[in-house]
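Line by line, the protein sequences are chains A and B.
Just so you know, my numbering puts 29 at position 29 of the first sequence, and the rest follows in order with no gaps.
Just so you know, my numbering puts 17 at position 17 of the second sequence, and the rest follows in order with no gaps.
Working notes, structure below.
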Amino acid sequence: MSSDSHGHAMEHAFRQHHFVDAEQQFETSKLGMWLFLATEILMFGGLFVGFGLMQSVYPEAWVAGHHHLDRIMGSVNTVFLLCSSFTMVMAVYAASTNQKSKTIINLIATLAFAGGFMVIKYFEYTHKFHDGLLPGRYFSYAGGGPPEQAMFFGFYFAMTGIHGFHVLIGMGLITWILLRAMKGEFSSAYYTPVDLVGLYWHLVDLIWIYLFPLLYLVS
Amino acid sequence: MADIVATPKSHAQGDHHDVDYLHDGSLMSWMTTVDHKKLGVMYLWSILFMFFLGGVFALLVRLELIAPGRTIMDAEQYNKAFTLHGAIMVFLFIIPSIPAALGNFALPLMLGAKDVAFPRLNLASFWIYVTGALIATTAMFTGGVDTGWTFYTPYSTTTDGPVALMTFAAFVLGFSSILTGVNFIATVHKLRAPGMGWFKMPLFVWGIYSTAIIQVLATPVLAITLLLLIMERAFGVGVFDPKLGGDPVLFQHFFWFYSHPAVYIMILPGMAIISEVVPTMSQKVFFGYKATAFSSVAIAIVSFVVWGHHMFTSGQSQLAGAIFSFLTFLVGIPSAIKVFNWITTMYKGSVSLAAPMLYALMFLILFGIGGLTGIFLGTLSVDIHLHDTYFVVAHFHYVMMGSTVIAFLAGLHYWWPKMFGRMYNEGAARIGAILVFVGFNTTFLPQFLLGSRGMPRRYYNYLPEFQFLHQVSTVGSWILGLGFLIMAGYLFASLRKPFDAPSNPWHARTLDWQTSSPPITHNFHETPVLKQGPYDFFKPFEPSVEGYHE
């Protein structure tokens, strides 16, 4: 577009040559991100199906297994992620309305909530390791109960582990856009990365919203 | 996601716009390119190498089977050889073959775009593929895997060897496939040339688009299945192990939920190529354009609900079996619509018998056989007899090789002049094509007979009465190999010539032919504005690219 010869310096700087204008680029990037999120949902979907199927076969083991999980820690983590989603939304809004310092503050807050989530996760994991509540053949819990608890903890570590890995990646991405926000690279004309990382972060949050009741609130 | 910082300076009023994309041949320019054409070519060489490797294992397997008992290897080596043949051909060759190699090259050109939607993601996808290939190679050289490419539990969780590594390779390759799919869907949605509505898109684009949908929706399920399998081996969680209360059939459900749609990841792009070659080589408007376009989407949708036909004998409930059998028949409808439309398109056209068309005609014959024998196998009662016999082996080779690989060859010969700017020797190409056709049928027709007479698949040894048919099949594999050898010869020979291909040797109407051969770096001098439909052969040619002359 020849119209961006005056003004729109930002739009021009970040537009790739194969797009006609910034809007096309933004919409394309967003579509790509949604597609990627669809793959994430299907991947976790496989785990949910396996988990639900085995739960229907061994309900006692699932109930016994979930008694070993700390509901308080799980709830605090849920609150942390919900708050982080809120600050992420605020960060996207701030970036899209040219409020640099607000963007930075909200991104730091999001990062802090995510970090808090991982710290609590660390304490939960070490506690499980200590009690021998481990997957499969490493299950060595002395307190008894149905043997299929070993399978429950297989799912527990697979699901929370893969989710935790996504949180870590999210933290990396948030740090990356935080650094770019500090350099003042975002404006109402161009804030695509903030928006896309936001979408990703909401998915990470959403998956936890399903994981929490599935794992911690079995009845 | 691709980060979107560009360097606009370098694209300002460049002189390098006008040189062809092969001009800068330095190694770094290839390794770090974000040009879809160069990435397509790099994929092409990679998959051709894998095809060669998988082909060597196929020849070894056939050679072993020339006589009962031990011929050149022992039973364990034989198990590893057919596993490597299958895993290489499926994960490293066929799945990326048409979409990632030819699709990468042709899709943006056909849409009149400068590149795919996310060029850097495209580069990442290529290197992830290479990483997956290297991991798979490591697994091969550190003992090899003997599970078959399907990794069925509980055998895959108990056998020795680097199964976890091989599985991880498939996981990584799946990731590459997902990213390519995401890229292509976004490209088709957002980067079509002005004037190109959905029903003005070439049918190749429809096919690749449908394929991309399956890649994006099915591959993640394979990813999680393979991760669970790795966990199973590492921790003995027991999800798939009946000893620990798990269910091995669950693995089959998970595996085929991906891998049956994956079969259509393999065949849809093949059909897409045929839909391009047939109207162009017949110089005739495509008969039933919309029906063919929608049939691709229909196949993509139905592909998700037929996975249970792999488990008719695995202890699935009878009701589920009957439903899956019925749903499987449904696939026949959109497939048959395509075949009728291709044939009707040729009717009263001026059909050229150049190499791409020879392969397209072979496809019609071989896909007919492969598709119809699929109906036999989808039939519940017949499948009880034929399950896990050579009939199945013959069937899926007619579809995977007889259809997809032959369509790939049609596409390779069709776009070769555009990709490399050179014409190959047409006479040699026809001889090669005939040898491939004869060799293929000699190899696989006897396997239908073997299977219907009860020869089980994957067996190292067999009864003496099967020997004659096995020998015919092995001889066929040599003819097939010779055909490929000749093909390699004339294709490589063409690369030694200076550019001699006209920009539109087949007189096609799609945009990929309205630029030089090989195309310039940014594909077109001006953004094309679509003037004609892709198959408007009944009208005089009117270029959509300003200043283009044939």
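Heads up, the beta-carbon is just placed ideally off N, CA and C, and yes, glycines get one too.
On a predicted model such as this, the values are computed, not experimentally measured, just so you know.
By the neighbour-count definition (other C-beta atoms within 10 Å, threshold 16), M400/B is a buried residue. In the DSSP assignment, H522/B falls outside any alpha helix (DSSP H), carrying neither H nor E. Under the Cβ criterion (8 Å, minimum of three pairs), the segment 498-510 of chain B does not count as touching the segment 481-488 of chain B. Assigned with DSSP and collapsed to three states, T187/B falls in helix.
D18/B is classed as exposed because its beta carbon has fewer than 16 other beta carbons within 10 Å across all chains shown. If you draw a straight line from the Cα of S275/B to the Cα of V63/A, it is about 56 Å long. Residues of the same chain with a CB within less than 7 Å of the CB of I406/B, apart from the 5 flanking positions on each side, are Y359, M362, F363, L366 in chain order. Per DSSP, F91/B is not a residue of any alpha helix (DSSP H), being assigned neither H nor E. Scanning chain A for C-beta atoms nearer than 9 Å to the C-beta of H189/B yields E27, T28, L31, reported in chain order. For F36/A, the neighbours in chain B by C-beta distance under 9 Å run, in chain order, M1, I178, L179, V182, V216. The alpha-carbon separation between Q532/B and S282/B amounts to approximately 18 Å. Contacts with chain B at 8 Å (Cβ-Cβ) include E148/A. Taken in chain order, the whole alpha helix (DSSP H) runs of length 4 or more contained in the segment 467-503 of chain B are 467-495. In this chain, S516/B is not harboured by any alpha helix (DSSP H), its DSSP state being neither H nor E. In the DSSP annotation of this structure, P99/B is not part of any alpha helix (DSSP H), being labelled neither H nor E. Rounded to whole angstroms, the gap between the alpha carbons of A142/A and F466/B is 58 Å.
Of the residues Y462/B, F396/B, L491/B, the one whose Cα lies closest to the Cα of L445/B is F396/B.
The beta carbon of F235/B sits closer than 8 Å to some beta carbon of chain A. Annotation: I337/B to V305/B spans about 20 Å, alpha carbon to alpha carbon. A distance below 6 Å between beta-carbons, with the five flanking residues on each side excluded, links L37/A to the following residues of its chain, in chain order: L203. Of the candidates R70/B, L227/B, I273/B, G489/B, the residue whose Cα lies closest to the Cα of A101/B is I273/B. Residue G288/B holds the alpha-carbon nearest to the alpha-carbon of D536/B among V163/B, P519/B, L244/B, G288/B. Straight through space, the alpha carbons of A394/B and G145/A are spaced by roughly 51 Å. A residue is called buried once 16 or more other Cβ atoms fall within 10 Å of its Cβ, and P464/B, having fewer, is exposed. Boundaries of the alpha helix (DSSP H) harbouring G427/B: 426-452, taken from the DSSP string. In the DSSP assignment, Y462/B forms no beta bridge with any residue. For P456/B, the three-state secondary structure derived from DSSP is strand. When only Cα atoms are considered, S140/A and D241/B end up about 19 Å apart. Where D383/B is concerned, the enclosing alpha helix (DSSP H) starts and stops at 380-386. For T379/B, the closest of G402/B, G332/B, V116/B, W415/B by C-alpha to C-alpha distance is G332/B. Closest in alpha carbon position to L81/A, among V218/A, T39/A, A114/A, is A114/A. With contacts defined as CB atoms closer than 8 Å, V278/B and T345/B qualify as a contacting pair. Inclusion of F153/A and L133/A in the CB contact set at 8 Å is warranted, their separation being smaller than that value.
When the beta-carbon positions are compared, Y258/B and T225/B come within less than 8 Å of each other. Cβ neighbours of A429/B within its own chain (closer than 7 Å, five residues either side excluded): A355, H413, Y490.
Per DSSP, S75/A is one residue of the alpha helix (DSSP H) stretching across 71-96.
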